Amino acid sequence: MSNLIAVSNLNKKNINKEAGSHTAPSSVKPRSSPKLRTPSLVAAIEKDLSGPNPLTRSALSLKYDVSATTIARVISQNLEGKVQKKCRVHALSNKQA
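Each residue of the sequence shown is one higher than the last, beginning at 387 in my numbering.
Put into structure tokens, the structure is as follows:
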């Protein structure tokens, strides 16, 4: 099956060469996608994580409209920190205490 496709592609190239035209540009997307870990995003995430009660990965991903994986990569690779799970704890109000 792949041999037939390769032969038909060669035939198309030969026909285009004979006609004097170049081959049509491929509709394949470039391999490098736009970079999401920009310096401005890294700085903003670093600012959000510097406080005493930082946001979770999911909250940061919603805030900056990127995936939680991108947030984790910014923390681990760009900021050289450790991604940790944030445990939810029960907080007492002043009235309850």
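A virtual CB, placed ideally from N, CA and C, is assigned to each residue, including glycine. Since the structure is predicted, the reported quantities are computational estimates derived from the model, not experimental observations.
The Cβ atoms of Thr424 and Lys472 do not sit closer than 8 Å to each other. Fully enclosed alpha helix (DSSP H) runs of no fewer than 4 residues occupy 443-450, 454-459 of the segment 429-465, in order along the chain. Cβ-Cβ distances below 8 Å link Ala458 to Arg443, Val469 in the same chain, with the five nearest sequence neighbours on each side left out; the list follows chain order.
In this structure, the straight-line span from the alpha carbon of Leu446 to that of Ile431 is close to 8 Å. A straight-line Cα-Cα distance of about 20 Å links Val475 and Asp434. A Cβ-Cβ distance of about 6 Å is found for the pair Tyr450 and Leu427, placing them in contact under the 8 Å criterion.
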